[in-house]
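Visitor: Attaching a single structure in structure tokens format; questions to follow.
There are 2 protein chains.
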Amino acid sequence: MNSITVLLVDDHLVVRSGLKALLGTQPDLDVVAEAASGEEALELVAQLAPAVVVMDLAMGAGMDGIEAIRQLRQRNSRQAILVFTTYDSDADIVRAVDAGAMGYLLKDATPDEIFAAIRGAVQGKSVMSAPVASRLFQQLRNPDEVLTPREAELLGLLTEGLSNRELGQRLFISEATVKTHLAHIYAKLGVETRAAAIATAIRREGMR
Amino acid sequence: MNSITVLLVDDHLVVRSGLKALLGTQPDLDVVAEAASGEEALELVAQLAPAVVVMDLAMGAGMDGIEAIRQLRQRNSRQAILVFTTYDSDADIVRAVDAGAMGYLLKDATPDEIFAAIRGAVQGKSVMSAPVASRLFQQLRNPDEVLTPREAELLGLLTEGLSNRELGQRLFISEATVKTHLAHIYAKLGVETRAAAIATAIRREGMR
DNA sequence: AGCGGCATCAGCCAAAAGGCTGAGAGACCA
DNA sequence: TGGTCTCTCAGCCTTTTGGCTGATGCCGCT
């Protein structure tokens, strides 16, 4: 019947045309437009009101995917938003779901997974790749491992390579307090040294 | 005339088909095969002897792109190898060129750039995206800041969060030697602590 | 009022990391 | 052959980190 209208958002032309070619093999899926940036996506959604938006998170310049999702939600548009990206970083997943994404697919998903996700999304089903799902579950199962705001702040500075003294100065707290926070952070991250903390933080939060 | 035969190597189906669609618009470019892994690529090159191999560096499982390039070179095959990847990390660029890549393109390159690169590659020209080129130049201008192989190896392990003792055990060298290497690495990276070294290494090398 | 979570700080001690100097072996190159 | 680079190792000393214990004030919830 009515085919499902799809908007593709990805800053890489190659990915867009690949996805378009792929979706073109399905009679019920209809790619009505492509956007190379978040801004473009917002415009096209307003104009075309596609049923599904398939969106990459990393966008070269300007608004990133997360922000685009958030803005789409705010304009209470009723598109189902599917994240389609290369990386499965904890922070990205949580932020995307939080911003209002219906599903989260990795770029190495099989065609069938992609089709199923899009069809599911319009029906309100939320679909995600297996590795993504497992990460989400882990977040939910271990709320103990969620950093407090202050700890997160400290961890952020930690990944810049600051020493305890510098951390203290930057946050206007004593070195003793810095050490206390660090101990908590290490425990929550499951590491024992600041080096490991930095490594896991940068890798798992997708910090750059 | 004789069209240019191309082999695409990328673990993402979407990227492959996008690239294929793109190259399909050019009468003189002929995608004769696609590979999803380094191993597959080696096989297909042996069978089909394409004129150009367009290869992603990050391959999900098994042999990565760099290794594939190296092996292709060792089998003194005469393909021109073009790297086509998302990130422009210093280490990747150097390693790819070192392994024998003819060119280095980023995935946000325009179609024309991609076409030109492929055509240039078969003629022995080496082509690279502007940001890539500038990084390479910087490397050439500051040879003092280039890590030795051993140092790079150590830095790689460092970003896993290992201690000096663990580094030594892993590399079969004494802790004293580890500290020597680290001192050199810090000097070259322009940092003073391992924390900062890890931070800059992960961020600038695109390590994950 | 009481309890728990959060942020703050202190002191003590052991372990790890970092700065410095010096040095030998092998590879490579002019 | 001599110079340079790389990798290897040692000792010594200072600074930094990390582990542990304990403590205070604040806020929010019951």
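The listed protein sequences correspond, in order, to chains A and B.
Going by the numbering used here, the letters in the first sequence line up with residues 8 to 215, in that order.
Going by the numbering used here, the letters in the second sequence line up with residues 8 to 215, in that order.
Positions of the beta carbon are idealized from the N, C-alpha and C atoms, including for glycine.
#1: Terminal residues of the continuous beta strand (DSSP E) containing Asp37 of chain A?
#2: Does DSSP put Ile180 of chain B in a helix, in a strand, or in coil?
#3: Using a Cβ-Cβ distance under 9 Å, would Ile125 of chain A count as near chain B?
#4: My assumption, with CB atoms under 8 Å, is that Arg201 of chain A sits in contact with Ala202 of chain B. Please give the rounded CB distance.
#5: Using CA atoms only, rank isn't needed, just tell me which of B:Lys186, B:Glu160 and B:Arg157 is closest to Asn171 of chain B.
#6: Tell me, which residues are paired with Leu26 of chain B by DSSP?
#7: Ends of the beta strand (DSSP E) at Gly110 of chain A?
#8: Please report the distance separating the alpha-carbon of Leu189 of chain A from that of Leu164 of chain A.
#9: Quick check on Gly25 of chain A: buried or exposed, where buried means 16 or more other Cβ atoms within 10 Å of its Cβ?
#10: Can you check whether the CB of Val16 of chain B is closer than 9 Å to the CB of Ala128 of chain B?
#11: Taking Gly131 of chain B as the reference, which of B:Tyr111, B:Pro118, B:Arg80 and B:Ala87 has the closest Cα?
#12: Helix, strand or coil for Ala202 of chain A per DSSP?
#13: Going along chain B in order, which residues have a C-beta closer than 8 Å to the C-beta of Asp18 of chain A?
#14: Would you say Val39 of chain B lies against chain A (beta-carbon separation less than 9 Å)?
#15: Within 10 Å of its beta-carbon, does Phe3 of chain A have 16 or more other beta-carbons around it, so buried, or fewer, so exposed?
#16: Name the chain A residues that come within less than 8 Å of Ala202 of chain B, Cβ to Cβ?
#17: With a 10 Å radius around its C-beta and 16 neighbouring C-beta atoms as the bar for buried, classify Pro156 of chain A as buried or exposed.
#18: With a Cβ-Cβ cutoff of 9 Å, do Ala194 of chain A and Leu162 of chain A count as a contact?
#19: Could I get the ranges of all uninterrupted alpha helix (DSSP H) runs contained in the region 78 to 103 of chain B, with 4 residues as the minimum, in chain order?
#20: Run the CB neighbour count on Glu41 of chain B, radius 10 Å, all protein chains shown included, and call it buried at 16 or more, exposed below.
#21: If distances are taken between C-alpha atoms only, which option among A:Gly197, A:Leu178 and A:Ile121 comes closest to Leu154 of chain A?
#22: Tell whether a beta-carbon distance below 9 Å holds between Leu64 of chain B and Leu14 of chain B.
#23: Can you list the residues of chain B that Arg102 of chain A reaches, using a CB-CB cut of under 9 Å?
#24: On a CA-only basis, which of B:Arg77, B:Gln33 and B:Met62 is nearest Leu112 of chain B? Give me that one, please.
#25: Taking buried to mean at least 16 other C-beta atoms within 10 Å of its own C-beta, is Arg102 of chain B buried or exposed?
#26: What did DSSP end up calling Leu49 of chain A once you bin it into helix, strand or coil?
#27: Looking at the secondary structure, which residues open and close the beta strand (DSSP E) in which Leu161 of chain A lies?
#28: Would a check of beta-carbon distances place Arg215 of chain B closer than 9 Å to chain A?
#29: Decide yes or no for the touch test of the region 29 to 36 of chain B against the region 32 to 40 of chain A: beta carbon pairs closer than 8 Å, at least 3 of them.
#30: Taking Cβ-Cβ distances shorter than 8 Å, what residues in chain B pair up with Arg23 of chain A?
#31: Can you tell me the Cα-Cα spacing of Ile100 of chain B and Glu47 of chain A, whole angstroms?
#32: In angstroms with no decimal places, state the Cα-to-Cα distance between Glu74 of chain A and Ala159 of chain A.
#33: Do you know how far the Cα of Ile205 of chain B is from the Cα of Leu174 of chain B?
#34: Quick one: what does DSSP say Thr32 of chain A is sitting in, helix, strand or coil?
#35: For Leu196 of chain A, does the three-state DSSP call read helix, strand or coil?
#36: Who pairs with Thr12 of chain A in a beta bridge, going by DSSP?
Guide: On the basis of the coordinates in this document:
#1: Leu36 to Ala42 is the span of the beta strand (DSSP E), which, as asked, contains Asp37 of chain A.
#2: Ile180 of chain B: coil per DSSP, three-state reduction.
#3: No, no contact with chain B.
#4: Between Arg201 of chain A and Ala202 of chain B, the beta carbon gap of about 6 Å places them in contact (Cβ cut-off 8 Å).
#5: The shortest Cα separation from Asn171 of chain B among B:Lys186, B:Glu160 and B:Arg157 belongs to B:Lys186.
#6: Beta-bridge pairing links Leu26 of chain B to no other residue.
#7: Element bounds for Gly110 of chain A: Gly110 to Leu113.
#8: Rounded to whole angstroms, Leu189 of chain A to Leu164 of chain A spans 11 Å at the Cα level.
#9: By the C-beta density criterion, Gly25 of chain A is buried, having at least 16 other C-beta atoms within 10 angstroms.
#10: Not in contact: Ala128 of chain B and Val16 of chain B (Cβ atoms no closer than 9 Å).
#11: With distances taken between Cα atoms, Gly131 of chain B lies closest to B:Ala87.
#12: Ala202 of chain A falls in the helix class under three-state DSSP.
#13: Chain B residues near Asp18 of chain A: Asp115.
#14: So, not an interface residue.
#15: As displayed, chain A neither begins before 8 nor continues past 215, which places residue 3 of chain A out of reach and without an answer.
#16: Those are Leu165, Gly168, Leu169, Ser170, Arg201, Ala202 and Ile205, listed as they occur along chain A.
#17: Exposed is the call here.
#18: Going by C-beta atoms, Ala194 of chain A is not nearer than 9 Å to Leu162 of chain A.
#19: List check, alpha helix (DSSP H) in window: nothing returned.
#20: With a 10 Å radius around the Cβ and a threshold of 16 neighbouring Cβ atoms, Glu41 of chain B comes out buried.
#21: Looking at the Cα atoms, A:Gly197 is the closest of the given residues.
#22: No, these two residues do not count as a Cβ contact at 9 Å.
#23: Under the 9 Å cutoff, chain B gives no residues; its nearest Cβ is about 18 Å from Arg102 of chain A.
#24: Of the listed residues, the one whose Cα sits closest to Leu112 of chain B is B:Met62.
#25: The residue is buried, with at least 16 neighbouring Cβ atoms inside 10 Å.
#26: Leu49 of chain A: helix per DSSP, three-state reduction.
#27: It is not in any beta strand (DSSP E) - Leu161 of chain A instead sits in the alpha helix (DSSP H) that spans Pro156 to Leu165.
#28: With a pLDDT of only 39 at Arg215 of chain B, under the threshold of 50, the placement of this residue in the model should not be trusted; the figure read from the coordinates follows. Yes, Arg215 of chain B counts as interfacial toward chain A.
#29: Note that the region 29 to 36 of chain B does not touch the region 32 to 40 of chain A; fewer than 3 beta-carbon pairs, one per stretch, sit closer than 8 Å.
#30: Against chain B, the beta carbon of Arg23 of chain A has neighbours under 8 Å at Gly25, listed in chain order.
#31: Straight across, the Cα-Cα distance linking Ile100 of chain B with Glu47 of chain A is about 31 Å.
#32: Approximately 21 Å, taken between the alpha carbons.
#33: Spanning the two alpha carbons is a distance of roughly 14 Å.
#34: Thr32 of chain A sits in coil when the DSSP states are folded into three classes, being neither helix nor strand.
#35: Looking at Leu196 of chain A - three-state DSSP - the assignment turns out to be helix.
#36: Its beta-bridge partners are A:Asp37.
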